[in-house]
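What follows is a set of notes on a single structure, which appears directly below.
In this note's numbering, the protein residues as written are 202 to 523.
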């Protein structure tokens with residue numbers, strides 16, 4: 202546990218509502234997260250759905266123009282949807298800006314022949330169906346890390362555990378970070394702790410968790426949390442910008458993910474989706490600027506982790522059988 206007492210911040214509308222006799226009750230220190238990222242800071246930023254070098258160039262140009270600091274850029278289509286040259290170009294471009302690049306691993310149930318994912322229950326979801334799908338994810342991981350990728354996005358518990366064992370065994374670099382996808386994210390503290398134990402270094406929770414849910418999670422785990430401040434429509438389309446300071450206070454260490462609602466799905470990406478992919482990439486950065494402006498107006502922007510920081514700190518893991 203890291204001692205990281207959050208600074209007091211102004212709450213949205215606080216002064217105006219107090220003048221009208223509608224002031225909110227005082228915040229309780231007991232529900233604040235005591236955790237922080239190693240090296241300091243309680244929040245980092247992430248721009249998701251960056252589907253190749255061209256989209257990445259748009260994100261980097263727009264982040265410079267709007268002065269949006271970026272700790273991590275993630276891609277959703279998968280390692281297998283990029284050529285070696287494209288991966289290398291993205292690795293070099295992000296390394297130049299000291300940004301962590303995160304690529305999705307392998308086959309997923311939503312895109313293979315599994316009919317259960319197309320039922321109303323969405324059974325199976327993004328998980329890797331069968332031995333060969335797990336093997337494909339490991340193949341992607343080895344290929345990506347050999348090309349310089351340092352963060353892998355995972356949507357299956359078995360793949361997560363296998364990749365954690367692989368980095369312990371030296372099959373992939375030991376400092377590779379494993380990010381758990383939003384589409385399999387835990388919704389209670391017990392499940393969150395299990396994902397940490399399986400090897401998750403950054404765990405994406407659904408954006409409909411309440412503030413109290415975040416506090417409950419932080420009582421059992423210090424593993425970094427990812428949350429869409431604005432979620433894509435297939436994840437609910439939630440917009441929580443006005444809560445961003447309180448999300449940090451409750452959920453730190455927290456990645457603020459700048460998603461985009463009311464936008465077409467672009468996975469798996471191809472050139473036929475180019476125009477919408479580039480325009481939505483640009484708008485995601487703008488949404489990030491809006492969220493950061495809110496933090497600044499509320500006096501809660503002072504605890505950002507240093508740019509270039511990427512490691513999660515010491516986390517709890519299940520024992521690996523010998």
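The beta carbon of each residue, even a glycine, is placed where N, CA and C say it ideally should be.
Nearest-angstrom beta carbon gap, residue j and residue i [assumed within contact, 8 Å]
| i | j | result |
| --- | --- | --- |
| residue 353 | residue 292 | Actually they are not in contact, since the Cβ atoms of residue 353 and residue 292 sit about 13 Å apart, beyond 8 Å. |
| residue 294 | residue 267 | About 18 Å separates the two Cβ atoms, so there is no contact after all. |
| residue 443 | residue 213 | 5 Å |
| residue 363 | residue 339 | 6 Å |
With 16 other Cβ atoms within 10 Å as the buried cut-off, status of residue i
| i | result |
| --- | --- |
| residue 238 | buried |
| residue 380 | buried |
| residue 507 | exposed |
| residue 449 | buried |
| residue 420 | exposed |
| residue 489 | buried |
| residue 355 | buried |
| residue 276 | buried |
| residue 351 | buried |
| residue 382 | buried |
| residue 446 | buried |
| residue 411 | exposed |
| residue 367 | buried |
| residue 202 | Bear in mind that the predicted position of residue 202 carries a pLDDT of just 47, short of 50, making it unreliable; the figure below should be weighed with that in mind. Counting Cβ neighbours within 10 Å, residue 202 comes out exposed, since fewer than 16 surround it. |
| residue 229 | exposed |
| residue 322 | Confidence is the limiting factor: at residue 322 the pLDDT is only 48, short of 50, which leaves the residue's position unreliable, though a coordinate-based value still follows. Per the 10 Å Cβ criterion, exposed. |
| residue 204 | With a pLDDT of 47 at residue 204, under the threshold of 50, the modelled position of this residue cannot be trusted; read the value that follows with caution. Under this definition residue 204 is an exposed residue. |
| residue 365 | buried |
| residue 536 | A query on residue 536 cannot be resolved here, the shown segment of the chain reaching from 202 to 523 and no further. |
| residue 223 | exposed |
| residue 425 | buried |
| residue 498 | exposed |
| residue 388 | exposed |
| residue 272 | buried |
| residue 236 | buried |
| residue 471 | exposed |
| residue 215 | exposed |
| residue 401 | buried |
| residue 218 | exposed |
Whether residue i touches residue j by CB criterion (8 Å)
| i | j | result |
| --- | --- | --- |
| residue 247 | residue 427 | yes |
| residue 407 | residue 436 | yes |
| residue 210 | residue 500 | yes |
| residue 454 | residue 278 | no |
| residue 516 | residue 492 | no |
| residue 486 | residue 260 | yes |
| residue 511 | residue 301 | yes |
| residue 234 | residue 451 | yes |
| residue 288 | residue 345 | yes |
| residue 358 | residue 399 | yes |
| residue 466 | residue 299 | no |
| residue 480 | residue 434 | no |
| residue 369 | residue 521 | yes |
| residue 390 | residue 418 | yes |
| residue 330 | residue 313 | yes |
Member of the options whose CA lies at the smallest distance from the CA of residue i
| i | options | result |
| --- | --- | --- |
| residue 333 | 357, 464, 351, 308 | 308 |
| residue 518 | 262, 422, 250 | 422 |
| residue 377 | 403, 496, 356, 414 | 403 |
| residue 286 | 265, 272, 254 | 254 |
| residue 283 | 410, 341, 296 | 341 |
| residue 431 | 236, 221, 249, 387 | 249 |
| residue 513 | 372, 245, 216 | 245 |
| residue 252 | 215, 262, 274 | 274 |
| residue 231 | 482, 424, 413 | 413 |
| residue 281 | 401, 270, 371, 306 | 306 |
| residue 483 | 502, 225, 397, 263 | 263 |
| residue 409 | 386, 271, 241, 270 | 386 |
| residue 464 | 438, 471, 472 | 438 |
| residue 495 | 269, 221, 220, 227 | 269 |
Cβ-heavy atom distance, residue i to the ligand MN, below 7 Å
| i | result |
| --- | --- |
| residue 224 | Inclusion of the ligand MN in the displayed structure is not the case, the ligand content being empty and no account of it being possible. |
In chain order, which alpha helix (DSSP H) runs of at least 4 residues are fully inside the segment 213–250?
-> 215–220
Taking only runs of the alpha helix (DSSP H) that begin and end inside the segment 400–472, which ones reach a length of at least 4 residues, in chain order?
-> 412–419, 445–452
Contained alpha helix (DSSP H) runs [length at least 4] in the segment 368–399, N- to C-terminal order | 390–399
Can you list the alpha helix (DSSP H) stretches of 4 or more residues lying completely in the segment 467–506, in chain order?
-> 475–498
May I have a chain-ordered list of the beta strand (DSSP E) segments no shorter than 3 residues that lie completely inside the segment 263–350?
-> 273–275, 301–305
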